[in-house]
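*Asks:*
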Amino acid sequence: MSGTIIIGTQFGDEGKGKLIDYLTEESDIVVRFQGGNNAGHTIVVDNDIYKFHLIPSGILYENKTVIIGSGVVIDTKVLCKEIESLEKRGHKINNLYIAGNAHAIMPWHIALDRHEENPRKDKIGTTGRGIGPAYMSKTGRSDSIRMYDFLTDERLSSRIFSILKNNRNYFEMIGFNGNADEIIKEYIAIAKNIRPLIYDAPTFINNELDKGQKVLFEGAQGTFLDIDHGTYPFVTSSNTVASAACAGSGIGPNKITDVLGITKAYMTRVGEGPFPTELDNDTGKKLRDKGKEYGTTTGRSRRCGWLDLVMLNHSKNLNGLTELIITKLDVLSGFNTLKICREYMIDKQNTKQFPGDPYILQNVTPVYQEFAGWNEDISAVKKYDDLPDNTKKYLEFISSYLNLPIKIVSVGPGRKETIVL
Ligand code: GDP
Ligand code: IMO
Ligand code: MG
7 MSGTIIIGTQ FGDEGKGKLI DYLTEESDIV VRFQGGNNAG HTIVVDNDIY KFHLIPSGIL
67 YENKTVIIGS GVVIDTKVLC KEIESLEKRG HKINNLYIAG NAHAIMPWHI ALDRHEENPR
127 KDKIGTTGRG IGPAYMSKTG RSDSIRMYDF LTDERLSSRI FSILKNNRNY FEMIGFNGNA
187 DEIIKEYIAI AKNIRPLIYD APTFINNELD KGQKVLFEGA QGTFLDIDHG TYPFVTSSNT
247 VASAACAGSG IGPNKITDVL GITKAYMTRV GEGPFPTELD NDTGKKLRDK GKEYGTTTGR
307 SRRCGWLDLV MLNHSKNLNG LTELIITKLD VLSGFNTLKI CREYMIDKQN TKQFPGDPYI
367 LQNVTPVYQE FAGWNEDISA VKKYDDLPDN TKKYLEFISS YLNLPIKIVS VGPGRKETIV
427 L
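Next comes the structure, spelled out in structure tokens:
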């Protein structure tokens, strides 16, 4: 039995997709457990680029099982498009399953997300995919549709019909004027496609773990976008921390053997919210250009900044990290000086303690440790020992500050650009 959780330790886009694809080779099953198609996970295999929003990043291995778990909110239209686009590219999709108890994102959720992001309000900068409203319907318990409801046409049409009827005035107010007959027709067609994939995922995953199968739990977003522990309200609407893997796939914590924290060698953030080490200057622009830091889902520019170990240490605790995976280290080649935030100054006092209150976080001053940079292109390096000395010093500082071993260093988007320590 082995359950490995892989999560983003920062604000998302740490390179989870690449690493999940890489680690799938030695696993049997990959499970997404939270979020929805707000995620954008990129995988590069030779000259082919794949961007997955819903389908787990293990899908490229046809002999592995991939599961969209109970805690995910599923836009079934997006799911069908992702399946279709993979099939067009020559992939057989006979290894994908969906948890029956996962909830659906419906068109009114997307309308509400866009209404809430109205320019007259304080924006969160959501991906506009209906994520927050879908989780609101789920926790509200009356007006949500689950994958199990897609199992018969009657059940699905009656759920859609009653939700549209009960909320007619509210939907009009938010600018959603969908026609019931058209929506029902469209979703019955979708249901026919996805029905064979819907099953009791928690029972399956537990049975497989008991048989000794290796399961990877694929996190989406990042720790500081967590609904409880992130920089609220500038967060997503699910728990993104490692423990969500258990609830969101229906397994107990005793099944987990490792928690791998994917960490970009610097930091990025898309959308609004505090970001203490943000570089709103030429250095930030250099990071964005070299790292191609543009959103996988919305194409927005990512805000860039130096690595923040005060945040990362908090992330270690929130997730119970057992090992780190450092990504995009190659992007740091060619800087004379690199900086890592080791403390915050709050009210003229230096501290390593991450402030729980985001209002305080908004006003901290980062205290940096400076490092000499390196100019060598490290993307072809295969062994840790062959990295430049300054690169090793940068990595060793991170590992010793956090008292965590580094398992893998990623030096490029492709599978081969990976150094296992
Ligand atoms: P995710 O959401 O955590 O899966 O990350 P994204 O796919 O949104 O963003 C990460 C981007 O960096 C993608 O374009 C990846 O192809 C790319 N990437 C991943 N690892 C590396 C790396 O080590 N070096 C470089 N240069 N790019 C990487
Ligand atoms: P991956 O899995 C980066 C951000 C949005 C916004 C906030 C809320 O690719 O790392 P939402 O649409 O979830 O209600 O938006 O969360 N966000 C992400 N940022 N990577 C992601 O996913 C994200 N998913 C959501 O930009 O600030
Ligand atoms: Mg992403």
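Each position in the sequence shown, counted from 1, maps to that position plus 6 in the working numbering.
Backbone N, C-alpha and C define an ideal beta-carbon position, used for all residues, glycine too.
These numbers were taken from a predicted model, which means no experiment stands behind them.
Quick one: Cα of N434 to Cα of I73, how far?
*Replies:* The first residue shown for the chain is 7 and the last is 427, placing residue 434 beyond what the model contains.
*Asks:* Residues in its own chain within less than 6 Å of I61 by CB, not counting five upstream and five downstream?
*Replies:* What you label residue 61 is simply residue 55 of the sequence shown in a count that begins at 1. Contacts found: E88.
*Asks:* Identify the residues that DSSP records as bridge partners of I74: which are they?
*Replies:* Taking the first residue of the sequence shown as position 1, residue 74 is located at position 68. DSSP lists R38 and I104 as partners of I74.
*Asks:* Nearer than 7 Å: is that true of the beta carbon of N175 relative to any heavy atom of ligand 2?
*Replies:* Position 169 of the sequence shown holds residue 175. Checking the Cβ of N175 against ligand 2 gives no.
*Asks:* CB D155 to CB R165, shorter than 8 Å?
*Replies:* In the sequence shown, residue 155 corresponds to position 149, counting from 1. In the sequence shown, residue 165 corresponds to position 159, counting from 1. The criterion of a C-beta distance shorter than 8 Å is satisfied by D155 and R165.
*Asks:* Cβ-heavy atom distance between G14 and ligand 2 below 7 Å?
*Replies:* The residue given as residue 14 occupies position 8 in the sequence shown. Result yes, Cβ under 7 Å from ligand 2.
*Asks:* Taking all protein chains shown into account, do 16 or more other C-beta atoms lie within 10 angstroms of the C-beta of N69, making it buried, or fewer, making it exposed?
*Replies:* For this step, residue 69 is matched to residue 63 along the sequence shown. It is exposed - the Cβ of N69 has fewer than 16 other Cβ atoms within 10 Å.
*Asks:* Would you call N287 buried or exposed, if buried means 16 or more other Cβ atoms sit within 10 Å of its Cβ?
*Replies:* Reading the sequence shown from its first residue, position 281 is the one you call residue 287. Residue environment analysis places N287 among the exposed positions, since fewer than 16 neighbouring C-beta atoms fall within 10 angstroms of its C-beta.
*Asks:* What residues sit near ligand 3, counting only those whose C-beta is closer than 5 Å to one of its heavy atoms, in chain order?
*Replies:* D19, G46 and T302
*Asks:* Is the distance from the Cβ of D363 to the Cβ of G418 below 8 Å?
*Replies:* Counting from 1 along the sequence shown, the entry for residue 363 is found at position 357. Counting from 1 along the sequence shown, the entry for residue 418 is found at position 412. No, these two residues do not count as a Cβ contact at 8 Å.
*Asks:* So is S168 buried or exposed if we call it buried at 16+ other beta carbons inside 10 Å?
*Replies:* Sequence index remark: in the sequence shown, residue 168 carries index 162 (1-based). Classification for S168: exposed.
*Asks:* Where does Y231 sit, in a helix, a strand or coil, going by DSSP?
*Replies:* For the purposes of this step, residue 231 is taken as the residue at position 225 of the sequence shown. A quick correction: the sequence has Leu, not Tyr, at residue 231. Of the three classes helix, strand and coil, the one that applies to L231 here is helix, per DSSP.
*Asks:* Can you give the Cα-Cα distance for N44 and V276, rounded to whole angstroms?
*Replies:* Stepping through the sequence shown from its first residue, residue 44 is reached at position 38. Stepping through the sequence shown from its first residue, residue 276 is reached at position 270. Each residue's Cα considered, the two are about 11 Å apart.
*Asks:* Can you tell me the Cα-Cα spacing of K24 and N323, whole angstroms?
*Replies:* Walking along the sequence shown from the start, residue 24 turns up at place 18. Walking along the sequence shown from the start, residue 323 turns up at place 317. About 24 Å.
*Asks:* Using alpha carbons as the reference points, say which of P239, C86, T82 and K98 lies closest to L162.
*Replies:* The residue you call residue 162 lines up with position 156 of the sequence shown. That would be T82, whose Cα lies nearest to the Cα of L162.
*Asks:* Starting from the C-beta of P361, find all residues in its chain whose C-beta is less than 8 Å away, skip the five residues before and the five after it, and write them out in chain order.
*Replies:* As a working note, residue 361 is residue 355 in the sequence shown. Counting only Cβ-Cβ distances below 8 Å, and skipping sequence neighbours, we find Y350, I352, L367 and V370.
*Asks:* So, helix, strand or coil for D128, using DSSP?
*Replies:* One-based indexing of the sequence shown puts residue 128 at position 122. Reduced to three states, the DSSP call for D128 is coil.
*Asks:* Kindly confirm or deny that the stretch 34-49 and the stretch 246-258 touch, where touching means at least three C-beta pairs closer than 8 Å.
*Replies:* yes
*Asks:* Give me the Cα-Cα distance between C86 and D206, rounded to the nearest whole angstrom.
*Replies:* Your numbering for residue 86 matches position 80 in the sequence shown. Your numbering for residue 206 matches position 200 in the sequence shown. In this structure, the CA atom of C86 is about 20 Å from the CA atom of D206.
*Asks:* Hey, could you find the ends of the alpha helix (DSSP H) F210 is sitting in?
*Replies:* One-based indexing of the sequence shown puts residue 210 at position 204. For F210, the enclosing alpha helix (DSSP H) covers residues A207 to D216.
*Asks:* Taking DSSP as the reference, what is the three-state secondary structure of P372?
*Replies:* The sequence position of residue 372 within the sequence shown is 366, counting from 1. P372 falls in the strand class under three-state DSSP.
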